[in-house]
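Q: Quick one: the structure is below, questions incoming.
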Amino acid sequence: MTIAPMDVYVIERFLVGWTAAEMDDLVDRCVRASAEFARRGVQHLTSIVMPGDETCLSVFTGPDTTAVLEANAELGLRVDRIQLGAVRDERAAS
43 MTIAPMDVYV
53 IERFLVGWTA
63 AEMDDLVDRC
73 VRASAEFARR
83 GVQHLTSIVM
93 PGDETCLSVF
103 TGPDTTAVLE
113 ANAELGLRVD
123 RIQLGAVRDE
133 RAAS
């Protein structure tokens with residue numbers, strides 16, 4: 043079975059000088075904001091924190107780049123860069 047790719051938006055957040063607790067809080071804020079994101083047509087799928095690189099990658103679905111950026115800005119979540127990506131997830135196909 044071929045799994046079709048799903049478009050996602052990957053937000054890169056540079057967390058230079060952040061403590062582990064601050065990084066954890068950022069991810070918690072993304073998770074807690076699920077309902078607010080949904081009202082804006084955006085879904086937070088996951089966030090990956092890379093403390094050694096002082097970076098967080100947050101993965102979203104949404105109608106377009108602008109909607110994802112605006113939802114993050116309205117919720118006070120910093121965005122340093124956003125890129126369109128694709129995910130092939132066999133779990134979603136089951």
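Numbers 43 to 136, taken from our numbering, label the letters of the sequence shown in order.
The beta-carbon is built from N, C-alpha and C at its ideal position, and this holds for glycine as well.
1. Out of Gly83, Met65 and Pro47, point me to the one whose CA is closest to Glu112's CA.
2. Taking the DSSP output, what are the residues bridged to Met65?
3. Does DSSP put Leu87 in a helix, in a strand, or in coil?
4. Would Thr97 and Glu64 be called neighbours here (beta carbons separated by less than 8 Å)?
5. Does the beta-carbon of Ala75 have 16 or more other beta-carbons within 10 angstroms, so that it is buried, or is it exposed?
6. What number of angstroms, rounded off, separates the C-alpha of Arg71 from the C-alpha of Val50?
7. Given a cut-off of 8 Å, decide if Ala109 and Pro47 are closer than it, judged by their beta-carbon atoms.
8. Would you report the Cα separation of Phe102 and His86, rounded to the nearest angstrom?
A: On the basis of the data shown:
1. Gly83
2. In the DSSP output, where bridge partners are listed per residue, Met65 has none listed.
3. strand
4. no
5. buried
6. 19 Å
7. no
8. 5 Å
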